[in-house]
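Residue numbers (UniProt numbering): 1 to 339. No residue lacks a Cβ here, since even glycine has one placed at the ideal position from N, Cα and C. Given the structure is predicted, the values throughout are model-derived calculations rather than measurements. Working notes for the structure below.
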Amino acid sequence: MSSIIQLLPDHVANQIAAGEVVQRPASVVKELLENAVDAKATDIKLIIKDAGKALVQVIDNGQGMNVTDARLCFERHATSKIRKAEDLFSLHTKGFRGEALASIAAIAHVEMKTKQDQEELGTQIIIEGSKFVSQEVAVLPKGTSFAVKNLFFNIPARRNFLKSDTVEYRHIIDEFQRVALAHPNIYFTFFHNGSEMFNLPPSSIRQRIVAVFSGKTNEKLVPVQEETEIVTIQGFACKPEFAKKSRGEQFFFVNDRFIKSGYLHHAIMAAYDGLLKDGAQPSYFLYLTVPPNTIDINIHPTKTEIKFDDEHALYAILRASVKHSLGQFNVAPVLDFDR
Ligand code: ADP
Ligand code: MG
Numbered sequence: 001m002s003s004i005i006q007l008l009p010d011h012v013a014n015q016i017a018a019g020e021v022v023q024r025p026a027s028v029v030k031e032l033l034e035n036a037v038d039a040k041a042t043d044i045k046l047i048i049k050d051a052g053k054a055l056v057q058v059i060d061n062g063q064g065m066n067v068t069d070a071r072l073c074f075e076r077h078a079t080s081k082i083r084k085a086e087d088l089f090s091l092h093t094k095g096f097r098g099e100a101l102a103s104i105a106a107i108a109h110v111e112m113k114t115k116q117d118q119e120e121l122g123t124q125i126i127i128e129g130s131k132f133v134s135q136e137v138a139v140l141p142k143g144t145s146f147a148v149k150n151l152f153f154n155i156p157a158r159r160n161f162l163k164s165d166t167v168e169y170r171h172i173i174d175e176f177q178r179v180a181l182a183h184p185n186i187y188f189t190f191f192h193n194g195s196e197m198f199n200l201p202p203s204s205i206r207q208r209i210v211a212v213f214s215g216k217t218n219e220k221l222v223p224v225q226e227e228t229e230i231v232t233i234q235g236f237a238c239k240p241e242f243a244k245k246s247r248g249e250q251f252f253f254v255n256d257r258f259i260k261s262g263y264l265h266h267a268i269m270a271a272y273d274g275l276l277k278d279g280a281q282p283s284y285f286l287y288l289t290v291p292p293n294t295i296d297i298n299i300h301p302t303k304t305e306i307k308f309d310d311e312h313a314l315y316a317i318l319r320a321s322v323k324h325s326l327g328q329f330n331v332a333p334v335l336d337f338d339r
């Protein structure tokens with residue numbers, strides 16, 4: 001009896017998974033930057049060409065990979081970050097799905113160079129459309145470089161679906177800013193078509209925000225600080241008179257990860273109640289630290305939405321602490337605290 005069900009070959013499964021993980025060049029930027037952060041890099045360089053359509057490269061000075069892992073990292077569900085299901089509830093890394101590199105390698109030309117500190121020599125691998133093209137021993141600096149070229153070269157429909165360079169570049173800036181704001185202690189540089197767009201030395205949260213968004217931001221910020229059993233909050237909200245017409249710089253970070261939450265945004269708007277002109281949007285940069293076992297990050301592949309155990313309490317605490325800071329801003333001195 002012949003059966004009609006078959007297991008898909010790996011390269012096909014990878015291409016399908018890639019559809020979820022990699023929507024556009026900015027998705028590659030996000031995954032590579034997060035891997036560099038997870039590798040404990042203190043210096044991360046992002047280099048792109050033609051809004052990432054021709055090249056996305058991330059160079060880090062992190063822990064690197066040995067020759068075996070250098071090859072394994074391109075396998076699906078290959079990760080060094082979790083080992084068992086329970087680990088999902090004590091996550092200290094950005095990644096854990098082990099899907100990004102397999103997905104990216106399925107739909108682009110990837111050149112990777114990596115070396116661990118203690119090793120004499122490093123490994124250089126070229127993989128194109130899930131096929132290993134070459135693997136060589138090479139003299140390399142400590143750390144890892146991923147160069148991703150010709151994204152969607154084998155999926156013309158996807159490639160044609162990409163937006164103009166201006167739009168794709170904007171998406172990349174968004175991802176870069178999110179990671180750079182989440183990690184003010186890491187040195188980030190960003191080059192587009194050979195020009196330096198950002199140069200962000202390690203700094204305090206306030207200095208990082210100002211470096212990312214311009215010096216004028218500084219006077220607009222009111223510090224927010226709160227410590228309770230379920231959450232520690234630090235960061236800044238802008239003075240009501242600087243609120244914008246369009247939804248501008250609004251950032252939540254939970255355990256150093258950028259997240260989107262309409263519900264928590266509502267808590268902030270409630271804190272500004274009565275202080276804003278109709279439709280005005282305040283900027284805010286709020287860093288929440290919660291016990292890892294009280295959140296579920298595993299609800300979406302791109303991990304920008306998470307589920308909190310006690311969303312209602314979080315809402316109330318956020319609203320109260322932002323409201324308190326806004327009430328104080330004209331009497332309290334503006335503090336510059338380091339994380
Ligand atoms: P995940 O991040 O979910 O583990 P990825 O596909 O992004 O999955 O990466 C697979 C593995 O490759 C990681 O778990 C890590 O061990 C290794 N890796 C990826 N990028 C780097 C890097 N820049 N430096 C060192 N190791 C890396
Ligand atoms: Mg990853």
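Inset, instruction - Just grab the DSSP bridge partners of ILE268 for me. - result: Your numbering for residue 268 matches position 268 in the sequence shown. Secondary-structure assignment with DSSP links ILE268 through no beta bridge to anything.
Inset, instruction - Could you please give me the residues that DSSP links to ARG257 through a beta bridge? - result: Numbered from its first residue, the sequence shown carries residue 257 at position 257. According to the DSSP secondary-structure assignment, ARG257 is paired through a beta bridge with VAL254.
Inset, instruction - Assign SER90 to buried or exposed, taking buried as 16 or more other Cβ atoms, counted over all protein chains shown, within 10 Å of its Cβ. - result: As a working note, residue 90 is residue 90 in the sequence shown. That one is exposed.
Inset, instruction - Buried or exposed for GLN118, please, with buried defined as at least 16 other CB atoms from any protein chain shown within 10 angstroms of its CB. - result: Numbered from its first residue, the sequence shown carries residue 118 at position 118. Flag for GLN118 reads exposed.
Legend entry - 8 angstroms Cβ shell around SER80 - same chain, five flanking residues per side excluded: Position 80 of the sequence shown holds residue 80. Contacts found: ASP69.
Legend entry - Cβ-Cβ distance between VAL212 and ALA271 below 8 angstroms: By one-based count along the sequence shown, residue 212 stands at place 212. By one-based count along the sequence shown, residue 271 stands at place 271. Between VAL212 and ALA271, the CB-CB gap reaches or exceeds 8 angstroms.
Legend entry - Per-residue burial, LEU318 [other beta carbons within 10 Å of its own, 16 or more giving buried]: Numbered from 1 along the sequence shown, position 318 holds the residue referred to as residue 318. Result: buried.
Legend entry - Same chain, Cβ closer than 8 angstroms to ASP50, neighbours up to 5 away in sequence not counted: Within the sequence shown, residue 50 is the residue found at index 50, counting from 1. Around ASP50: ASP165, ASN193.
Legend entry - Sequence-distant residues of its chain with Cβ nearer than 6 angstroms to LYS45 (five each side left out): Residue numbering aside, residue 45 sits at position 45 when the sequence shown is read from its first letter. Residues ILE59, THR189 of the same chain have their beta carbon placed closer than 6 angstroms to that of LYS45, with the five preceding and five following residues left out of the count.
Inset, instruction - Name the two residues that bound the continuous alpha helix (DSSP H) containing GLU31. - result: Here residue 31 corresponds to residue number 31 of the sequence shown, with the count starting at 1. Note, GLU31: alpha helix (DSSP H), 25-38.
Legend entry - Residues proximal to the ligand MG by C-beta, any heavy atom closer than 6 angstroms: Screening all residues for a C-beta within a distance smaller than 6 angstroms of any heavy atom in the ligand MG leaves GLU31, GLU34, ASN35, GLY95, ALA100, in chain order.
Inset, instruction - State the start and end residues of the unbroken beta strand (DSSP E) segment that holds ASP60. - result: Against the sequence shown, residue 60 aligns to sequence position 60. Residues 55-60.
Inset, instruction - Answer yes if the segment 20-27 comes into contact with the segment 161-179, meaning at least three C-beta pairs across the two stretches below 8 angstroms, and no otherwise. - result: Touching, yes, given that three or more Cβ pairs across the two stretches are closer than 8 angstroms.
Legend entry - Option in ILE48, LYS94, LYS277 with minimal Cα separation from HIS171: Along the sequence shown, read from residue 1 onward, the residue named residue 171 stands at position 171. It is ILE48.
Inset, instruction - Give the single residue among GLY279, ILE268, PHE285, PHE253 whose Cα lies nearest to the Cα of ILE306. - result: By one-based count along the sequence shown, residue 306 stands at place 306. Nearest neighbour of ILE306 by Cα position, chosen from GLY279, ILE268, PHE285, PHE253, turns out to be PHE253.
Legend entry - Counted within 10 angstroms of its Cβ, other Cβ atoms place LEU314 as buried (16 or more) or exposed: Stepping through the sequence shown from its first residue, residue 314 is reached at position 314. Here LEU314 is buried. Its C-beta has 16 or more other C-beta atoms within 10 Å.
Inset, instruction - Report all residues from its chain with a CB closer than 6 angstroms to the CB of TYR287; omit the five preceding and five following residues, and keep chain order. - result: As a position in the sequence shown, residue 287 is number 287, starting the count at 1. So the list reads GLN234, GLY235, PHE253, once near-sequence residues are dropped.
Legend entry - heavy atom of the ligand ADP below 7 angstroms from SER130 C-beta: Mapped onto the sequence shown, residue 130 falls at position 130. For SER130, the shortest separation between its Cβ and any heavy atom of the ligand ADP does not lie below 7 angstroms.
Legend entry - Cα-Cα separation between VAL210 and LEU200, rounded to whole angstroms: The sequence position of residue 210 within the sequence shown is 210, counting from 1. The sequence position of residue 200 within the sequence shown is 200, counting from 1. Distance between the alpha carbons of VAL210 and LEU200 is about 10 angstroms.
Inset, instruction - Might you give, ordered along the chain, the residues of its own chain that have their beta carbon closer than 7 angstroms to the beta carbon of SER103, omitting 5 neighbours on each side? - result: Position 103 of the sequence shown holds residue 103. Only residues of its own chain outside the window of five on either side were considered, and among them ASN14, ALA17, ALA18, VAL21, VAL22 have a CB closer than 7 angstroms to the CB of SER103, listed in chain order.
Inset, instruction - Determine the DSSP secondary structure at GLY327, reduced to helix, strand or coil. - result: Position 327 of the sequence shown, counting from 1, holds the residue named residue 327. It is helical.
Legend entry - Closer than 7 angstroms: ARG206 CB and nearest the ligand ADP heavy atom: Here residue 206 is taken as the residue at index 206 of the sequence shown, counted from 1. Distances between the C-beta of ARG206 and the heavy atoms of the ligand ADP are all 7 angstroms or more.
Legend entry - Sub-8 angstroms separation of ARG247 and ALA182 beta-carbons: Counting from one through the sequence shown, the residue named residue 247 turns up at place 247. Counting from one through the sequence shown, the residue named residue 182 turns up at place 182. It is not a contact, given that the beta carbons lie outside the stated cut-off.
Inset, instruction - Measure the C-alpha to C-alpha separation of PRO333 and LEU221 and round it to an integer number of angstroms. - result: Within the sequence shown, the letter at position 333 stands for residue 333. Within the sequence shown, the letter at position 221 stands for residue 221. Note that PRO333 has pLDDT 45, beneath the 50 cutoff, so the model's placement of it is unreliable and the number below is only indicative. Distance between PRO333 and LEU221, taken at the CA atoms: about 11 angstroms.
Legend entry - Cβ shell of GLU239 (< 7 angstroms), same chain only, five flanking positions each side left out: What you label residue 239 is simply residue 239 of the sequence shown in a count that begins at 1. The sequence shown places Lys at residue 239, rather than the Glu named in the question. Non-local C-beta neighbours of LYS239 in its own chain, meaning closer than 7 angstroms and more than five positions away in sequence, comprise LYS220, VAL222, PHE329, ordered along the chain.
Legend entry - C-alpha distance - ASN61 paired with GLY327, whole-angstrom precision: Here the question's residue 61 lines up with position 61 in the sequence shown. Here the question's residue 327 lines up with position 327 in the sequence shown. In a straight line, the C-alpha of ASN61 is about 43 angstroms away from that of GLY327.
Inset, instruction - Count the other CB atoms, across all protein chains shown, that sit within 10 Å of the CB of ARG83; report buried if there are 16 or more and exposed otherwise. - result: In the sequence shown, residue 83 corresponds to position 83, counting from 1. It is exposed - the Cβ of ARG83 has fewer than 16 other Cβ atoms within 10 Å.
Legend entry - Distance, LEU72 Cα to PRO9 Cα: Walking along the sequence shown from the start, residue 9 turns up at place 9. Walking along the sequence shown from the start, residue 72 turns up at place 72. So the two alpha carbons sit approximately 17 angstroms from each other.
Legend entry - Rounded separation between GLY95 and ASP309 - CA only: For this step, residue 95 is matched to residue 95 along the sequence shown. For this step, residue 309 is matched to residue 309 along the sequence shown. One C-alpha to the other measures close to 21 angstroms.
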